[in-house]
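Working notes, structure below.
Protein chains in written order, with the working numbering: chain A, 1 to 340; chain B, 1 to 340.
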């Protein structure tokens with residue numbers, strides 16, 4: 001039998017391959033694979049469904065990720081997917097695969113984190129599955145939420161001249177991870193050493209305890225603005241800009257000088273001899289929202305803290321970055337690709 | 001820090017521990033942990049949500065489980081949970097963790113099986129997650145479905161004198177597994193040997209390709225019968241009878257002579273020197289439905305093939321089996337407990 005290696009496809013290639021094999025049969029199934037969440041018609045409103053699986057050794061390293069943070073993050077990343085449809089998360093299910101070396105107290109820590117997140121985001125834990133695992137820890141979360149039918153934001157709705165906005169700041173989670181990896185190596189070499197992460201707590205916090213931007217969904221609703229398209233940028237700004245461009249059939253022009261990057265991120269980039277712009281574009285793990293709005297809506301949201309316009313959509317199909325030098329470069333996707 | 005081993009709790013103990021920490025906050029969340037599926041109020045109807053995670057080396061052995069069957073089963077077991085609420089499954093999400101040694105063709109096989117199941121049960125694959133796995137194959141499926149509000153069947157609704165019914169036959173999947181395990185040992189000892197499973201194909205089929213009883217949900221609806229309680233017996237008839245008893249606050253009396261056990265199951269039990277009744281009670285993996293109906297409803301369903309009355313609910317709290325000898329024994333739970 002023929003054998004094709006998985007890494008020849010990559011994660012996006014594999015998803016595309018799966019997607020082509022399936023079609024929707026039930027009238028309630030409004031949207032399937034291909035956005036931040038699936039959409040089910042429940043009558044008055046749309047229900048949104050999204051799911052994420054976190055595996056030890058792939059998505060997290062228990063050497064430096066506290067179990068409580070892991071529990072919190074597993075909920076937050078799912079809530080973020082619902083926010084990316086302009087919806088509000090309401091329920092989650094959590095399935096865990098637990099190895100024998102995990103104690104009841106360790107499991108309690110995970111669920112403490114899950115509980116904190118449930119309280120912060122007002123979601124209910126309504127079910128799940130618990131099983132033993134022969135290998136590492138597995139956490140699989142599915143989230144359900146609601147959105148009014150006239151408020152749902154897909155990846156495919158952006159139009160030329162729409163303004164492209166991003167929430168929060170970029171690249172911090174990436175450098176948080178670099179710092180944690182470095183401290184792990186220092187610790188392995190010299191177990192007596194206590195890491196001093198105080199100065200970098202902002203970056204480490206962004207990596208360990210990302211927050212879903214449900215606040216932005218509420219802000220947009222209050223301002224009376226429905227984004228023409230929206231996506232969560234946890235896989236990296238660059239790859240998600242390309243998703244919006246491809247799925248909406250428009251081009252994108254963004255500006256280096258507009259990218260929101262914190263001073264501490266800039267400083268740490270210098271320390272690691274890495275480009276802060278590359279981290280902002282491709283670092284990933286920033287659970288922020290990227291969305292487009294009509295130009296006529298800009299005045300309504302321009303005073304909302306934490307929303308930064310970084311460019312606009314164009315008639316062409318090009319996806320480009322205008323550097324501070326004035327030159328223009330093409331943007332290519334280099335999102336996290338856990339299959340490679 | 002204190003350390004308590006997980007196996008001191010067991011799976012049900014762990015679920016109870018988690019359950020006590022969480023409560024429901026959103027008005028849409030009608031029912032959380034503790035039944036075959038969670039219940040969400042979507043307006044006109046209830047939406048049902050259930051999830052199951054299958055891990056290599058715990059739930060399946062790729063030495064004898066074909067990937068296509070695994071894909072099929074991962075959907076069927078979830079659809080069964082929706083049927084156990086008297087509902088109809090409509091959508092699934094499938095997340096997979098794939099090790100490097102898995103080829104694209106192998107992944108295709110899994111999704112072929114998923115697709116067959118989607119067609120058989122008329123459910124839509126609407127999303128999921130794909131990731132690499134450092135260890136074995138992980139499949140996590142979440143299913144959503146609908147039920148009319150006046151038709152939902154909980155575990156807690158059984159009343160004294162209700163008739164207890166089970167669908168299909170019992171113990172076959174258990175002996176299917178025994179045969180597969182035996183053939184694996186034969187094969188490991190003598191790789192040239194080809195197993196002859198023809199004669200046992202019924203049993204092996206029940207293990208490898210269980211079917212969810214959505215047909216029964218339709219039959220009950222046609223007959224105009226709403227079960228007073230219902231549960232899926234994949235964890236074993238005995239433990240699920242106890243669940244109905246505990247959650248409904250009633251006792252149960254069942255009769256050995258009424259247990260539906262196929263001749264081939266009887267025969268194979270003799271071959272393995274095991275009790276067919278024990279397999280029927282505790283073997284597990286029978287994706288059948290166990291439900292109670294009012295005595296007055298019995299005439300409406302007595303001619304439905306594949307439904308067998310096996311006993312009735314009582315005023316006492318005792319859960320007992322009347323043996324063919326006439327003596328009565330208490331039933332204890334020995335369901336699959338993957339955490340032990």
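Quick reminder that beta carbons are idealized off the backbone N, C-alpha and C, glycines included.
Quiz item: For residue 104 of chain A, which three-state DSSP category applies?
Solution: helix
Exercise. Closer than 9 Å by beta-carbon distance: list the chain B residues that pair up with residue 121 of chain A, in chain order.
Key: The contacting residues do not exist; residue 121 of chain A stays about 10 Å from chain B at best.
Self-check item: Any alpha helix (DSSP H) of 4 or more consecutive residues that is wholly inside the stretch 311-337 of chain B
Solution: none
Quiz prompt | CB contact check: residue 75 of chain A to chain B, cutoff 8 Å | solution = no
Quiz item: To which residues of the same chain is residue 79 of chain A closer than 7 Å at the C-beta, ignoring the five residues directly before and after it?
Solution: 89, 121, 123, 143, 212, 214
Exercise. Verify the CB distance criterion: does residue 247 of chain A have a CB-CB separation below 8 Å to chain B?
Key: no
Practice problem: Closer than 7 Å by beta-carbon distance: list the chain A residues that pair up with residue 124 of chain B, in chain order. | Solution: 24, 25, 26, 29, 32
Quiz item: What residue from A:235, A:148, A:47, A:98 has the CA that sits closest to residue 57 of chain B's CA?
Solution: A:98
Practice problem: Using a cut-off of 9 Å between C-beta atoms, extract the partners of residue 44 of chain B located in chain A. | Solution: 42, 43, 44
Self-check item: Where residue 46 of chain A falls: helix, strand or coil (DSSP)
Solution: strand
Quiz item: At a cut of 8 Å, does the stretch 100-116 of chain B reach the stretch 9-20 of chain B through at least three beta carbon pairs?
Solution: no
Self-check item: For residue 292 of chain A, the first and last residue of its enclosing beta strand (DSSP E)
Solution: 289-293
Practice problem: Take residue 28 of chain B as the anchor and find which of B:37, B:46, B:19 has the nearest alpha-carbon. | Solution: B:46
Quiz item: In three-state DSSP terms, what is residue 22 of chain A?
Solution: coil
Quiz item: Thinking C-beta only, is residue 130 of chain B closer than 8 Å to residue 49 of chain A?
Solution: no
Quiz item: What do you reckon, are the CB atoms on residue 238 of chain B and residue 282 of chain B nearer than 8 Å?
Solution: yes
Quiz item: When the Cα atoms are used, what is the spatial distance from residue 55 of chain B to residue 310 of chain A?
Solution: 43 Å
Quiz item: Residue ranges of each alpha helix (DSSP H) run of no fewer than 4 residues wholly in the stretch 181-222 of chain B, ordered along the chain?
Solution: 201-208
Practice problem: Answer yes or no: does any C-beta atom of chain A fall closer than 8 Å to that of residue 138 of chain B? | Solution: yes
Practice problem: Leaving aside the five residues before and after residue 83 of chain A along the sequence, list all residues of the same chain whose C-beta is less than 8 Å from its C-beta, in chain order. | Solution: 89, 212, 213, 214, 216, 217, 232, 289
Self-check item: Ordered list of alpha helix (DSSP H) runs contained in the stretch 237-305 of chain A, each at least 4 residues
Solution: 237-248, 263-271, 276-282, 298-301
Practice problem: Using a Cβ-Cβ cut-off of less than 7 Å, give me the residues of the stretch 65-95 of chain A that come near chain B, in sequence order. | Solution: 90, 91, 93, 95
Practice problem: Leaving out five residues on either side along the sequence, give the residues of the same chain with a beta carbon under 7 Å from the beta carbon of residue 261 of chain B. | Solution: 169, 170, 171, 276, 280
Quiz item: So, does the CB of residue 47 of chain B fall closer than 8 Å to a CB anywhere in chain A?
Solution: yes
Quiz item: Mapping DSSP to helix, strand and coil, what is residue 74 of chain B?
Solution: helix
Practice problem: Measure the beta-carbon distance from residue 33 of chain B to residue 19 of chain B and round it to whole angstroms, keeping in mind my assumption that it falls under 8 Å. | Solution: 5 Å
Quiz item: Alpha carbon to alpha carbon, what distance is there between residue 72 of chain A and residue 336 of chain A?
Solution: Per-residue confidence for residue 336 of chain A stands at a pLDDT of 41, beneath the threshold of 50, marking its modelled position as unreliable; the derived number appears in the next sentence. Going by the C-alpha atoms only, they are around 21 Å apart.
Self-check item: Where the beta strand (DSSP E) through residue 89 of chain A begins and ends
Solution: 88-98
Exercise. Would you check if the stretch 137-157 of chain B and the stretch 198-208 of chain B touch, i.e. whether three or more CB-CB distances between them fall below 8 Å?
Key: no
Self-check item: DSSP bridge partner residues for residue 138 of chain B (one or two, in chain order)
Solution: B:55, B:97
Quiz prompt | Nonlocal neighbours in the same chain, by C-beta distance under 6 Å from residue 174 of chain B, ignoring five residues either side | solution = 279, 283
Quiz item: Do you know offhand how far residue 225 of chain A's Cα is from residue 305 of chain A's?
Solution: 15 Å
Practice problem: Starting from the beta carbon of residue 2 of chain B, find every residue of chain A whose beta carbon is closer than 7 Å, and list them in chain order. | Solution: 105
Quiz item: Under three-state DSSP, which class holds residue 232 of chain A?
Solution: strand
Quiz item: Does the Cβ-Cβ distance between residue 87 of chain A and residue 44 of chain B come in under 8 Å?
Solution: no
Quiz item: When the Cα of residue 269 of chain A is compared with those of A:333, A:328, A:177, which residue comes out closest?
Solution: A:177
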